[in-house]
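Asker:
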Amino acid sequence: MYMDRTTRQVLVMEWVEGQKLSEVKDLYLVEVGVYCSLSQLLEHGFYHADPHHGNLLRSSDGKLAYLDFGIMGEFKQELQDGFIEACLHLVNRDLMHWQMISLLLGYNYFSMTGFIIQAGFPKEEKGLFIEDATNVNLALEMKDMGVVGIDLSGNPEVGECEEKERVSLIHSYSNAFKGFSAMLIKKRSLLLSVSAINAGEEVETHIQVYFNDIVSGPNYTAIRVAEASTTNISRTNFGAVVVIDDPLTESPDPSSKLIGRAQGMYALASQEEYGLLMAMNLAFIDGEFNGSTLAVLGRNAVFSEVREMPIVGGSGRFRLARGYVLAKTYKFDRITGDTIVEWNIHVLHYS
1 MYMDRTTRQV LVMEWVEGQK LSEVKDLYLV EVGVYCSLSQ LLEHGFYHAD PHHGNLLRSS
61 DGKLAYLDFG IMGEFKQELQ DGFIEACLHL VNRDLMHWQM ISLLLGYNYF SMTGFIIQAG
121 FPKEEKGLFI EDATNVNLAL EMKDMGVVGI DLSGNPEVGE CEEKERVSLI HSYSNAFKGF
181 SAMLIKKRSL LLSVSAINAG EEVETHIQVY FNDIVSGPNY TAIRVAEAST TNISRTNFGA
241 VVVIDDPLTE SPDPSSKLIG RAQGMYALAS QEEYGLLMAM NLAFIDGEFN GSTLAVLGRN
301 AVFSEVREMP IVGGSGRFRL ARGYVLAKTY KFDRITGDTI VEWNIHVLHY S
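In terms of UniProt numbering, the sequence shown is numbered consecutively and its last residue is 351.
#1: Within a Cβ cutoff of 6 Å, which residues of the same chain sit near residue 12, ignoring the five residues on either side of it in sequence?
#2: Of the choices 242, 328 and 65, whose alpha-carbon is the least far from that of residue 220?
#3: Pairs of beta-carbons, one from the region 336-345 and one from the region 314-322, closer than 8 Å: are there three or more?
#4: List the residues that DSSP assigns as beta-bridge partners of residue 368.
#5: Considering only C-alpha positions, which residue in the set 81, 279 and 42 is nearest to residue 325?
#6: In the DSSP output, what is residue 300 paired with across the bridge?
#7: Counting only the same chain and skipping the five closest in sequence on each side, list residues whose C-beta sits under 6 Å from that of residue 289.
#8: CB-CB under 8 Å to residue 174, same chain, minus the five flanking residues each way: which ones, in chain order?
#9: For residue 274 and residue 15, I'd like the C-alpha separation in whole angstroms.
#10: With 16 as the cutoff for other CB atoms within 10 Å, does residue 300 come out buried or exposed?
#11: Less than 8 Å between C-beta atoms, sequence neighbours within five positions excluded: which residues of the same chain meet that for residue 77?
#12: Counting pairs of beta carbons, one from the region 296-316 and one from the region 241-257, are three or more of them closer than 8 Å?
#13: Quick check: what's the CA-CA separation for residue 210 versus residue 234?
#14: Suppose the cutoff is 7 Å on Cβ atoms and the five residues either side in sequence are ignored; what does the same chain contact list for residue 251 look like?
#15: Taking only the alpha-carbon atoms, compute the straight-line gap between residue 203 and residue 62 and give it to the nearest angstrom.
#16: Could you tell me which uninterrupted beta strand (DSSP E) segments, each at least 3 residues in length, are contained entirely in the region 42-67, listed from first to last along the chain?
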């Protein structure tokens with residue numbers, strides 16, 4: 001914004017060259033948009049209150065550009081704290097504590113399904129609203145924004161509530177839903193719509209590699225970096241933390257073609273069995289997925305015949321990926337501790 005040319009009546013801003021989001025295919029912008037929105041709300045407490053496709057561009061250097069700062073809003077600290085806590089309770093499906101946080105946000109605000117709703121009704125009606133909202137599946141349906149109710153209860157009978165009951169709930173408390181909540185829902189809807197436009201077709205890919213965990217000799221690829229005072233007397237080495245840069249090869253032969261590397265760590269996290277917490281990136285360095293990564297985070301009971309670990313994300317060709325790894329030990333050297341594991345990777349991602 002050019003302050004020296006701006007008056008109370010005229011706002012003069014920089015001209016930005018770029019493409020409309022509806023015309024580009026770059027999933028990275030969705031990730032950036034999420035970070036930008038959360039940063040505005042939770043870090044700065046000052047946000048762009050009118051996000052839509054016309055106000056967002058992909059600049060020539062690949063950045064996400066926000067336009068038209070004529071409408072801005074303030075997100076106070078008490079709302080930031082309540083928003084985060086309410087979201088955590090929703091993720092954990094802890095409805096009781098979610099309701100408590102909603103009330104603790106105070107007279108003017110009510111937290112609902114991860115959004116902060118400005119409430120314009122008396123305190124005594126808040127309890128009634130919580131009860132009614134619970135009875136109809138905490139449904140949010142606003143005709144002017146097309147926001148559909150979400151089933152948080154896990155109760156199929158609640159999930160099958162009639163549409164007219166949902167609409168009736170919103171009409172009964174229509175004065176509760178002000179522009180503030182609309183802005184937050186609009187931000188989320190915009191990012192989802194951009195994602196849908198740019199994502200392309202979702203495909204499933206299967207990759208088989210061999211995970212080489214070498215803990216012995218001068219060319220080790222896994223090294224213990226931390227342990228508890230009781231780790232060495234524990235029958236499961238409980239408390240040990242190992243950092244890895246393990247080769248992912250095409251076949252069980254360690255000298256076979258290198259497909260990528262498993263980089264991260266695992267911790268011995270069970271006192272009853274050899275159970276590992278695996279947290280790592282699979283960095284591919286060959287083939288069509290060269291330069292892409294998959295993030296694996298899960299439990300690995302190493303003496304089970306087959307272990308399943310979740311794929312929780314990715315980058316490059318695997319942006320927004322999800323899936324699982326099936327691991328099966330191919331070879332274990334009881335003297336050195338070196339291990340070769342067959343990994344069958346099943347991943348859903350966008351083409």
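In this text, a Cβ means the ideal position worked out from N, Cα and C, and glycines have one as well.
Answerer: Let me spell this out:
#1: So the list reads 2, 5 and 6, once near-sequence residues are dropped.
#2: The residue with the shortest Cα to Cα distance from residue 220 is 242.
#3: Contact fails between the region 336-345 and the region 314-322, because fewer than three Cβ pairs, one in each stretch, are under 8 Å apart.
#4: Given that the chain is displayed from residue 1 to residue 351, the structure contains no residue 368 and the question cannot be resolved.
#5: The shortest C-alpha to C-alpha distance from residue 325 to any of 81, 279 and 42 is the one to 279.
#6: As DSSP reads the structure, residue 300 sits in a beta bridge with 276.
#7: The answer, listed in chain order, is 317.
#8: Bear in mind that a pLDDT of 41 at residue 174, under 50, signals an unreliable position, so the model cannot answer this.
#9: Rounded to whole angstroms, the gap between the alpha carbons of residue 274 and residue 15 is 60 Å.
#10: By the 10 Å Cβ count, residue 300 comes out buried.
#11: Hits under 8 Å: 45.
#12: Of all C-beta pairs linking the region 296-316 to the region 241-257, fewer than three are shorter than 8 Å, placing the two stretches out of contact.
#13: Distance between the alpha carbons of residue 210 and residue 234: 29 Å.
#14: Apart from sequence neighbours up to five positions away, the residues of its chain that approach residue 251 with a beta-carbon distance below 7 Å are 210, ordered along the chain.
#15: Cα-Cα distance, rounded: 25 Å.
#16: When DSSP assignments are scanned along the region 42-67, the uninterrupted stretches of beta strand (DSSP E) that are 3 or more residues long and fall wholly within it turn out to be 46-48, 56-59 and 64-66.
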